[in-house]
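Trainee: Before anything else, here's the structure in question.
Residue numbers (full-length UniProt numbering): 1 to 148.
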């Protein structure tokens, strides 16, 4: 989300981290998402009494909104697949609104070889699994039977 990414960008800027941040948008087109994150990051830095220009630049903010699907809170098939994969293989629950869309992006980037060879990639799971209960229909297999 914008708040998480902005906070990370300011923190990484403060410690002059060489780590590149990539955010997967959940609602807005890329240009709007990046602008929103950058504006929030500069306000955050200023609120901490820092010179925003010395902490974060526009180039530090990179978002990919390709995994939004039909919109905010509407999981795309790739989101559902990512949630199932994480749950099945790792026992990690993701939510369909935020972390599931980010995981869909992560998986797609890995499959397409978009991360540099030898890169260390960290997926930040920000929570939200409790919202899975609101999306049960998205996970019901058409062939499953329920006990009556």
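Even for Gly, the Cβ is constructed at its ideal location relative to N, Cα and C.
Please read these numbers as outputs of a predicted model, since none were measured by experiment.
What does the alpha-carbon distance come out to for the pair residue 8 and residue 81?
Mentor: Here residue 8 corresponds to residue number 8 of the chain shown, with the count starting at 1. Here residue 81 corresponds to residue number 81 of the chain shown, with the count starting at 1. Their backbone Cα atoms lie some 27 Å apart in a straight line.
Trainee: Which residue spans inside the stretch 3-74 form an unbroken alpha helix (DSSP H) run of at least 4?
Mentor: Within the stretch 3-74, the complete alpha helix (DSSP H) runs of at least 4 residues are 30-47 and 52-55.
Trainee: Between 108, 101, 95 and 115, which has its C-alpha nearest residue 136's C-alpha?
Mentor: Here the question's residue 136 lines up with position 136 in the chain shown. Selected option, being the one with the closest Cα: 95.
Trainee: If you reduce the DSSP assignment to three classes, tell me which class residue 139 lands in.
Mentor: The residue you call residue 139 lines up with position 139 of the chain shown. Residue state, collapsed to three classes: helix.
Trainee: Starting from the Cα of residue 126, find the closest Cα among 71, 88 and 103 and give me that residue.
Mentor: The residue given as residue 126 occupies position 126 in the chain shown. The option with the nearest alpha carbon to residue 126 is 103.
Trainee: Where does residue 118 fall in DSSP's three states?
Mentor: Translated into the one-based positions of the chain shown, residue 118 becomes position 118. Three-state result, residue 118: coil.
Trainee: Taking the alpha-carbon positions, what's the residue 114 to residue 34 distance?
Mentor: As a working note, residue 114 is residue 114 in the chain shown. As a working note, residue 34 is residue 34 in the chain shown. So the two alpha carbons sit approximately 20 Å from each other.
Trainee: Given residue 145, which residues of its chain have a CB within under 7 Å of its CB, disregarding the five upstream and five downstream residues?
Mentor: Taking the first residue of the chain shown as position 1, residue 145 is located at position 145. In this prediction, residue 145 has a pLDDT of 44, which is less than 50 and means its spatial position is unreliable; nothing more can be read from the coordinates.
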